[in-house]
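J.: Below is the structure I would like to discuss, written out as structure tokens.
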Amino acid sequence: MFERFTDRARRVLVYAQEEARDLDQAFIGTEHILLGLIREGDGVAAKALDALGTTYDVVREKVTELTELATNTSSGSPAFSRRAKKVMEMSLREAMRLGHSYIGTEHLLLGIVRQGDGAAVRILNELGVEMSDIQTQVVQLMSSPSNREVGEHSVHVIYDGAIFRGVVRAVGEQLRPDLDAADLDGLADTIADDLFNQLRQSWAEAGNSF
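With numbering that gives the first Met the number 0, letter number 178 in the sequence shown gets 177, and the count goes up by one each step, no holes.
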């Protein structure tokens, strides 16, 4: 997956690791990724957060308050937490949903939003930032060619995810009546994203053999 990350997105993860070390943390959490996104400064995520009034100093103070009692007792480098890994997984799904072949800072930020229950989301909520506003701001910024993190040949496609996932979930209810609602929702998200990416690829290649 990391080979899909843009230079800016990789820089964010380096900054996140540095933030965790500076705060003497044994893990890299979603809060450290959030700090990395702001600190990177030039990507879509940094611009979106800046437009919503989210500054590095304020977020750093919030992160310090959250983590001051959880210091690092190991001598090794901090590892990514379970939620941070989930954010990266979600960032891949967001890239696929948008029809992008790369993972940029915008996808990492959308991954934080979609992951939903990490320290980063709690901090943003405390600062009065709505998750829906982040999504809106990111989409607006991505609509400008100057904000794209890769070349002009990237395909930018947005589809109605709610309708598509609803159809996939309805089929799942018929085929897997043994699953509970939470499992159905999770599988529907994954299958819908995979299906859309396959459809996008098939349509991109359609007609090439004629």
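Backbone N, C-alpha and C fix where the C-beta goes; we use that ideal spot for every residue, glycine too.
Note that this is a predicted model, so its numbers are computed, not measured.
With a threshold of 6 Å on Cβ separation, who are the neighbours of S80 within its own chain once the five nearest residues in sequence on each side are excluded?
T.: Taken in chain order, the residues that qualify are F26, G28.
J.: Let me make sure I understand the geometry here. Which of S90, M141, L174 has the alpha-carbon closest to that of F192?
T.: The sequence as given places Asp at residue 192; Phe does not occur at that position. It is S90.
J.: With which residues is F26 paired in a DSSP beta bridge?
T.: According to DSSP, F26 bridges with A78.
J.: Indicate whether I111 and V86 have their beta-carbon atoms separated by less than 8 Å.
T.: Cβ distance < 8 Å, so I111 and V86 count as in contact.
J.: On the CB-based measure, 16 or more other CB atoms within 10 Å of its CB, does R175 come out buried or exposed?
T.: By the neighbour-count rule (16 or more Cβ atoms within 10 Å), R175 is not buried but exposed.
J.: Buried or exposed: G42, going by 16 or more other Cβ atoms within 10 Å of its Cβ?
T.: It is buried - the Cβ of G42 has at least 16 other Cβ atoms within 10 Å.
J.: Have a look at D132 and L12 and give me their C-alpha separation to the nearest angstrom.
T.: Answer to the nearest angstrom: the Cα atoms are 24 Å apart.
J.: Restricting to Cα atoms, I'd like to know which of L194, G115, R38 is closest to R7.
T.: Checked all of L194, G115, R38; the closest Cα to R7 is R38.
J.: On the premise that V167 lies in contact with L194, defined as a C-beta separation below 8 Å, what is that separation, rounded to the nearest angstrom?
T.: That pair is a contact at about 7 Å.
J.: For E64, which option in L36, L183, Q24, V128 has the closest C-alpha, if you only look at C-alpha atoms?
T.: The option with the nearest alpha carbon to E64 is Q24.
J.: Using beta-carbon positions only, say whether A181 and R164 come within less than 8 Å of one another.
T.: Against a cut-off of 8 Å, the Cβ pair of R164 and A181 comes out as no contact.
J.: Compare the C-alpha of L51 against each of E172, Q139, V128 and name the closest.
T.: Checking every option, the nearest Cα to that of L51 belongs to V128.
J.: How should Y14 be labelled, buried or exposed, when 16 other C-beta atoms within 10 angstroms of its C-beta is the threshold for buried?
T.: Buried is the call here.
J.: So, using beta-carbon positions, are Q134 and L107 closer together than 8 Å?
T.: Cβ distance not < 8 Å, so Q134 and L107 don't count as in contact.
J.: Going by beta carbon distance, what residues of the same chain come within less than 7 Å of R10, once the five residues before and after it are set aside?
T.: Cβ within range, chain order: E39.
J.: If I follow the unbroken alpha helix (DSSP H) through L97, where does it start and stop?
T.: Note, L97: premise wrong, no alpha helix (DSSP H); not H, not E.
J.: What span of residues does the alpha helix (DSSP H) with H128 cover, start to end?
T.: Checking the sequence shown, residue 128 turns out to be Val, not His. Counting along the chain, V128 falls outside any alpha helix (DSSP H), and DSSP gives it neither H nor E.
J.: With a CB to CB cut of under 6 Å and the five nearest residues on each side skipped, what residues in its chain are close to E151?
T.: In this prediction, E151 scores a pLDDT of 36, lower than 50, which makes its location untrustworthy; the coordinate-derived value is nonetheless stated afterwards. Excluding residues within five positions, none has a Cβ falling inside 6 Å.
J.: What number of angstroms, rounded off, separates the C-alpha of H99 from the C-alpha of I32?
T.: One C-alpha to the other measures close to 21 Å.
J.: Should V170 go down as buried or exposed, given a rule of 16 or more other Cβ atoms within 10 Å for buried?
T.: Exposed, by the Cβ-count rule.
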